[in-house]
Each structure stands twice: as C-alpha cells, then as structure tokens.
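**Student:**
In the numbering used here, the protein residues as written are 387 to 528.
See below:
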C-alpha cells in the first residue's frame, strides 16, 4: 500500500471550537509548480474556506515564519502575494493569540480568530511542513 499524502500544513485549534487550518488538496492542474490548498476557518460564530495555491517559495516562507514565531515574534504569511494571507499575533487584541485570515484581493473579508494553541504547536507545525515538503515538492517543477 502506498504512502498517504500529507494534507495538513497548518492546524491551529482550541477547546472553544475555534480553528484555522491550511490543507494541501493536491497538485494544481493549471500550474506545474503549484499545489492546490485551502484555508478553513471554523468558529462557533463564523465558518468559511478559501482556495489558494502554494508554491515551494510559499512553503519556505512558512518555515521562516515558524522561526519568527519561535522567537516570540508576530508573523504575516503570504502578505505580498495575490490571494489570502495569514497573520499570527502572539498577543492579539483580546490579550491572547489570534490568527487573522485576510482575503484583501478577492472577497475583501478579514476574519480574526482568537485561540490559544497547545504547547509544542510550533514543533508540530515544523513536522507538518517537513512532511508536506518531502512528499509534494519533488513533484513540482519550477
């Protein structure tokens, strides 16, 4: 039996029912250097999803973002790309961590999700990234 392709790149959730995930869906049929992916936001109040395309450079920039988070710095991932961006603010407006998903170039909607990630979440996300890159990047052509 073959390996199961890793889908989970970001999975931030708390026990209040708030979550933000980024899932890899597969290779992008329109771009040989891209992966189809989605951002999914779920809260007791609002839920939604948006498509995005991931490239090797976006995955590498997520690695750099994890390094900044590990140094207790806030990050914005995919800020200068067309499409959605994800900000992680370690001390948000409600004095707890917040994940902000913005779709400025499309729907012009911003969703701010307060959540407290579990201990070890940065190490977990480095592992998710490692699995995604090892499986998917060799299939992509720049």
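All C-beta atoms, glycine included, are put in the ideal place defined by N, C-alpha and C.
I'd like the span of the alpha helix (DSSP H) that includes residue 423, first residue to last.
**Tutor:** Here the question's residue 423 lines up with position 37 in the chain shown. Note, residue 423: premise wrong, no alpha helix (DSSP H); beta strand (DSSP E) at 421–428.
**Student:** Label residue 476 either buried or exposed according to how many other C-beta atoms from any shown protein chain fall within 10 Å of its C-beta, with 16 as the threshold for buried.
**Tutor:** On the chain shown, position 90 is the one that residue 476 refers to. Classification for residue 476: exposed.
**Student:** Take residue 565 and list the residues in its own chain whose beta-carbon comes closer than 7 Å to its own, dropping the five residues that flank it on each side.
**Tutor:** Nothing can be reported for residue 565: it is not among the residues displayed for the chain, which extend from 387 to 528.
**Student:** As an exercise, report each continuous beta strand (DSSP E) stretch of at least 3 residues that is fully enclosed by the region 431–484, in chain order.
**Tutor:** Qualifying beta strand (DSSP E) stretches, in chain order: 433–440, 461–463 and 471–475.
**Student:** Is it right to say residue 520 is buried, meaning 16 or more other beta carbons lie within 10 angstroms of its own, or is it exposed?
**Tutor:** Counting from one through the chain shown, the residue named residue 520 turns up at place 134. Burial call: exposed.
**Student:** Below 8 Å, can you find three or more Cβ-Cβ pairs linking the region 486–495 to the region 511–519?
**Tutor:** These segments do not touch.
**Student:** Where residue 523 and residue 442 are concerned, what is the direct C-alpha to C-alpha distance, given to the nearest angstrom?
**Tutor:** Counting from one through the chain shown, the residue named residue 523 turns up at place 137. Counting from one through the chain shown, the residue named residue 442 turns up at place 56. Straight-line Cα distance between these residues: approximately 7 Å.
**Student:** Would you identify the three-state DSSP class for residue 390, choosing helix, strand or coil?
**Tutor:** Residue 390 sits at position 4 when you count from the first residue of the chain shown. Looking at residue 390 - three-state DSSP - the assignment turns out to be coil, as it is neither helix nor strand.
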